[in-house]
Every structure is written in C-alpha cells, then in structure tokens.
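Residue numbers (full-length UniProt numbering): 1 to 470.
Next comes the structure, spelled out in structure tokens:
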C-alpha cells in the first residue's frame, strides 16, 4: 500500500469515527431534551386543576365546623388558664372537651350533646373553687364563653339531624342543668351566664328545627315530584299500549277472522274437493284460530297495567289472583302440536327429549315454547326444505334447548325479517336468568341453544347503600 493510500485509509477511519460520534449524539441529545420537556410540563407548569364545585360544597360545612371547634378549644384553654386559676394540664383537658363535642356532633349528635353537658359540669366544678381568688378578675360561670359557643354548635347540629322532640328535650335539660348549677350552687365573684346561655340555646334550637323541617319538606317535595313524573310516564305508556291494542284488534284480528271463515267455506265451493285440499284448508283455518287465540293473549298483555309482574295473569311467573287471561299460555306439553304443524309446512323436524321431566314455573314453560316456536319459524323462512332437530334436556339446574337446522335444500326467498326474533328470545331468557346463543354452523345451517333455570328467578340488581351526610 502506498503512502497516499495509507493517508486515505486513515482519513476514512477518522471520518467514520466522527460520523458515529455524531450519530450517537444525535440519538442522545433529542432524548434528553424530550425528558427535560416532560419534566418541565409535569413539575414546573402551574396548571389550574380545582376540585369540582359539588365537592367543595359537600365538605364546606365540615371544614367550617372543624375551624369553629379549633377556635373553641383555643379560647377555652386560654380562659381557663388565665382567669380560671387552673393549671395548664387541667385547662388543656377541660378546654378541649367542648371542641371534641363539636367534632363528635358531625357523626353522633346525641352523644356529642351528652359530652358537652358533661364538660360543662366538670368545668363548673373545677372553676368553682377558684372564683374570686384574683382581685379585679370576674370569671363567667357556670358557662364559659368558649363552652357556650361549643354547646350552641352542638345544639344546632343536633337539631339539624334529629326529630324536633329530641331537640326540645335537649334544650330543656340544658336549661335545667344551668338552673341547677347557677341557682342551687352559685356564689359570689363571678359573672352569671346562665340566662344568656339558655336564651341563645333556645334561639339556636328553634333555628335548627326550622332548617330541619325545611329540608324534610324539600325532600318530600322532590320525592313527590319524582313519583308524579313516574306516574305520568306510566299512564302515558299505558295509553300508548292501549292504542296499539286497539289497532291490533281492529286490523289483525279482523283479517285473521276473515282468513278463518274463508278457509272454512272454501271446501264447499268445490264440487268434489280432494282430501289434500280439505286438509290444507283445515290447517289454514286452525292456524288462523290459533293466531286469534294468541292475539287475544297479547292484547291482554298490552292492556294489563303490570305485564312485567311475574305474579300477574299475563306475566312470566306463577298465575296471579286477578282475572284469568283470555287464553291459556302455551307450555312444553304443546311442543308436539307445534312440531306437527311445522312438519305440515314442509320441514323435516325430529324431536328428542332427555332427562327426567319435571314441572317448571309458567314463565319457564312459556319462554321455552316461544324460543322453540321462533327457532322453527326462522327455519321455515330462511332454510326451506332443511332438516331440523329439536332437543329438550331436563337437567338438575334447569332446561336446556337446542334447535339446529341443516342448510336449505330449496331456494331461499327474500325475507323482511330484522332480527327481532332473536332479540326477543334473548330478552325472554335474560328475564328468567337464562341465556340464548345463536350461530351459523360450518355446514351452512343454524343452531339456537338456550338455557332456562328451573325456578325461573330473574337476576337481582346489585345495589350500593348510600351514605347520608349531614
């Protein structure tokens, strides 16, 4: 290698090293800058993030009461230590008792009132021996200024939370205690505060009772307004359902009656009708009559004020005590007739029942029948000429249904269905605590499976008890 080549190779190496160093810097510097920007945004940017207004308003009374309790404690300790002649330890213990009663009143107002009364007695007894010891100093007795303020707060919180009778009883006992201390055990060298304490206590108690009554009246008004709105909505719903029932009765029932009559008269319009024609017309008439029977039951549901009541005559549970429905509800015992009608319509239907047959609630019986009926109707519409297998399994926990059809053997005509049938099946099962699944098979068919609990008990909603605040 020549000298020129050596110089060239050395220069190339230096150039590659310089490029690599710049590349490392180019990767490290932007990352460091991004980290610094994130740190600045997180810790050095003063964002305004206030608490919601309802949180402030909810805790504002508690905060004011705590501040007032702190002031009562400081004032009581200072007054008992400076003018009451008590040592610092006793002044601290007795002075903080009314403040503790104020804080306790936020949760247990009755217990707080008893604590305030006990603190007043202890304070009066402790200071009674030191009255008049310091010339020129007049001590307020039996109620200290801080004790009066603390007891007034306790009485106010008590009157806001309890019945008016309890608040009046607390006021009466407060006046009785004040009279017993000042009138029966009083002496010289103090400034009496009994009258002021009783008058202020009466004013505060009346104010608390008035506010409590106003809040109760407002709550009752809100509840009554809510009940009125619910009743108005219920009446509107009943009126709409009654209108739908009238339309169904006037339109559908009329046409079904005409179909039934025409099917009954049609064989007599032909001289020698074939047995197949007579049988088909008889089937048409019977299906029309069955449809009318079911329509009467649907009209009863629409006109019932409580169709969702499981104990009602049109509900999903046991039979109610009201008027009997216009038609008996279909049960599992009628599955044979349903399957025979489906076979007559052109489907090859096979049925299998397994397990020990046992009685179920009317809701389970009705829902099972409707699920099988809807699945067979879907097979008729969407899979003409297919083979359908209906399997009913009576298990220890409930009823298992499976309706499976093969792929259609004839051309499928266009169907106006919108999927409401599957939705209705799922809703029926969910109301009883069961489930329904529907899916296409790999062979081009369709399978509907359902499970209904034996007792037909709907699931209970989860509820969280609310917490009442003062």
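We put the CB at the ideal spot given by N, CA and C, even for glycine.
Are there 16 or more other CB atoms within 10 angstroms of the CB of residue i, so buried, or fewer, so exposed?
i           : result
residue 59  : exposed
residue 87  : exposed
residue 193 : buried
residue 82  : exposed
residue 38  : exposed
residue 390 : buried
residue 365 : buried
residue 223 : exposed
residue 148 : buried
residue 225 : exposed
residue 159 : buried
residue 228 : exposed
residue 140 : buried
residue 203 : exposed
residue 69  : buried
The alpha helix (DSSP H) that contains residue i, what's its start and end?
i           : result
residue 358 : Here residue 358 belongs to no alpha helix (DSSP H), and DSSP marks it neither H nor E.
residue 116 : 109–128
residue 179 : 164–185
residue 151 : 145–161
residue 295 : 275–303
residue 98  : 88–104
residue 271 : Note, residue 271: premise wrong, no alpha helix (DSSP H); not H, not E.
residue 334 : Note, residue 334: premise wrong, no alpha helix (DSSP H); not H, not E.
For residue i, tell me which candidate among the options has the shortest Cα-Cα distance.
i           : options               : result
residue 98  : 150, 62, 332 and 292  : 150
residue 195 : 332, 357 and 143      : 143
residue 211 : 421, 72 and 155       : 155
residue 119 : 76, 244, 369 and 81   : 76
residue 94  : 168, 124, 228 and 390 : 124
residue 393 : 205, 355 and 274      : 355
residue 173 : 380, 198, 391 and 204 : 198
residue 65  : 235, 102 and 214      : 102
residue 349 : 297, 406, 203 and 141 : 406
residue 117 : 170, 161, 157 and 164 : 170
residue 412 : 400, 386 and 397      : 386
residue 80  : 178, 67, 56 and 145   : 145
residue 337 : 361, 376, 219 and 228 : 376
residue 372 : 351, 153 and 84       : 351
residue 404 : 382, 395 and 424      : 382
residue 96  : 78, 106, 107 and 108  : 78
residue 369 : 339, 379 and 388      : 339
residue 396 : 445, 359, 128 and 208 : 359
residue 422 : 288, 240, 176 and 378 : 378
residue 455 : 361, 402 and 181      : 361
residue 256 : 74, 286, 274 and 332  : 286
residue 388 : 409, 399, 61 and 70   : 409
residue 215 : 161, 33, 181 and 263  : 161
residue 398 : 363, 52, 131 and 114  : 363
residue 206 : 36, 166 and 63        : 166
residue 446 : 384, 434 and 33       : 384
residue 163 : 277, 220, 213 and 281 : 213
residue 185 : 121, 203, 157 and 227 : 121
residue 126 : 110, 104 and 85       : 85
residue 176 : 434, 201, 209 and 374 : 201
Tell me where the beta strand (DSSP E) around residue i begins and ends.
i           : result
residue 389 : 387–394
residue 140 : 139–141
According to DSSP, which residues form a beta bridge with residue i?
i           : result
residue 440 : 446
residue 349 : 388
residue 451 : 400 and 435
residue 190 : 139
residue 405 : 388 and 446
Is residue i close to chain B? Criterion is C-beta to C-beta, closer than 8 Å.
i           : result
residue 172 : No chain B is part of this structure, which consists of one protein chain only.
Does at least one heavy atom of the ligand MN sit under 7 Å from the Cβ of residue i?
i           : result
residue 257 : The ligand MN is absent from the structure shown, which contains no ligand whatsoever.
Three or more C-beta pairs closer than 8 Å, one from the stretch 436–455 and one from the stretch 342–356: is that the case here?
Note that the stretch 436–455 does not touch the stretch 342–356; fewer than 3 beta-carbon pairs, one per stretch, sit closer than 8 Å.
For the stretch 328–338 against the stretch 260–267, do three or more pairs of beta-carbon atoms, one drawn from each stretch, fall closer than 8 Å, so that the two count as touching?
no
Cβ pair count under 8 Å reaching 3, the stretch 442–453 against the stretch 424–434
With three or more CB-CB distances shorter than 8 Å, the stretch 442–453 counts as touching the stretch 424–434.
Evaluate contact between the stretch 245–264 and the stretch 290–303, counting only Cβ atoms and requiring at least three cross-stretch pairs below 8 Å.
yes
Between the stretch 278–296 and the stretch 220–238, can you find at least three pairs of beta-carbon atoms closer than 8 Å?
The stretch 220–238 vs the stretch 278–296: no contact.
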